[in-house]
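Read through the structure below, which is laid out as structure tokens, and then see the notes.
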Amino acid sequence: MKSNAAAFGIGALFALGLAVSGMTKPSKIEGFLDLAGAWDASLLFVMVGAIAVHFIAYRIVIRQPSPLFDTAFHLPTRRDVDPRLVVGAALFGIGWGLGGFCPGPGLVALGSGSLNAVVFVAGMTLGILAEQVVARTAASRRPDLVRRSSP
Amino acid sequence: MNDFTPIPALLGGALIGLAASLFLLTHGKVAGISGLYGGVLRRGTSDRALRFWFIAGLVATGALVRSLFPAAFATTWTATLPLVLVAGLLVGFGTQLGNGCTSGHGVCGISRLSVRSLVATATFMATGFATVFVMRHLMGGGR
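Shown next as structure tokens:
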């Protein structure tokens, strides 16, 4: 229970960060992606702020013997750059540019009740389910290609 | 519309970095939103409950911020709803295929100096820049 409550609170803090930084507005995302227009560098500053904190905190936290609510850390270990990574990221970037939403801001904006966010999250949900079906089908044909779910 | 807001951006970014760090401290996992949400949708995920509660925290905070500070959300939209649906499909499919989004690869992965995340972030930034260039400057009009 404490574990789920912590997850809820941390999700809330994450959302607060997105709202404070202005990233819940697609116009801020589009402004950043519009290099040839009136470029808005705000998103770059969000990344710098987030990475500055996490770069240091990550190195302190992983020195702990275990997380508070788990027996071990679960961090990605893959180093290989495969076509799925690049094609997936490329498709994500196209969708990001078209809608001005990535998953986090889309879900926060869903809570605001805006119709655009509802439609975006509906599309995103279908896209995720579609990829999971494709991955399962591929895995049953080629069991040697085991998928992993985290970055 | 495209006012540069460096101070709120840095401050909000720091809160995002803090949230990612706390999630690592409490649950030992990457705070990647696409991965967490994908796990909520996948049957049989062992930590489905905590993933659900993290996402619930995001959505609930959206509702709270909407009532206290509505200016955090857009009131006018440039993209049409069919385009937003297509955008959602691409974001959903792409982030699952590529194992991450702006948070998982862009924030958490780069902080760990993960080569995969650096490549993914460079890739989605590049196609994002290209997409907005095509939509705004080549096709124009619609947005």
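Protein chains in written order, with my numbering: chain A, 2 to 152; chain B, 368 to 510.
Quick reminder that beta carbons are idealized off the backbone N, C-alpha and C, glycines included.
- Using a CB distance cut-off of 8 Å, B/ARG415 does not count as an interface residue toward chain A.
- DSSP lists A/HIS75 as the bridge partner or partners of B/LYS396.
- Residue contact check for A/PRO66 against chain B: no CB pair falls below 8 Å.
- A Cβ of chain A is located within less than 8 Å of the beta carbon of B/MET492.
- Beyond the five residues adjoining it in sequence on each side, B/PHE390 comes within less than 7 Å, by CB distance, of LYS396, ALA398 in the same chain, given in chain order.
- DSSP places B/TRP420 in the helix class (H, G or I) of the three-state scheme.
- When secondary structure is reduced to three states using DSSP, A/LYS26 falls in the coil class, being assigned neither helix nor strand.
- In this structure B/TRP420 touches A/ASN5 by the C-beta definition: roughly 4 Å separates them, less than 8 Å.
- Using a Cβ-Cβ cut-off of 8 Å, B/MET502 is close to GLY98, LEU99 of chain A, given in chain order.
- Spanning the alpha carbons of B/PHE491 and A/LEU44 requires a straight line of approximately 14 Å.
- B/ILE422 is classed as buried because its beta carbon has at least 16 other beta carbons within 10 Å across all chains shown.
- The C-beta distance from B/VAL458 to A/ASN117 rounds to 13 Å, too long to fall under 8 Å, and the pair is not in contact.
- For the options B/ILE477, B/THR498, B/LEU505, the alpha carbon positioned closest to that of A/GLY50 is the one of B/ILE477.
- Put simply, the backbone Cα of A/GLY105 is about 17 Å away from that of A/PHE46.
- Look at B/ILE374 here: in three-state DSSP terms it is helix.
- Note that the C-beta distance between A/PHE121 and A/GLY112 is not below 8 Å.
- For A/VAL122, the uninterrupted alpha helix (DSSP H) run begins and ends at 116 to 142, by DSSP.
- Remark: fewer than three beta-carbon pairs, one from each stretch, lie closer than 8 Å, so the region 426 to 441 of chain B and the region 479 to 489 of chain B are not flagged as touching.
- Burial check for A/LEU19: the Cβ neighbour count within 10 Å reaches 16 or more, so the residue is buried.
- Within the same chain, and ignoring the five residues on either side of B/THR462 in sequence, the residues whose Cβ sits closer than 6 Å to its Cβ are SER401, CYS468.
- Separation of the CB atoms of A/SER22 and B/ALA376 is rounded to 5 Å, and the pair is thereby assigned contact status at 8 Å.
- Here B/GLN463 carries a helix assignment [DSSP, helix/strand/coil].
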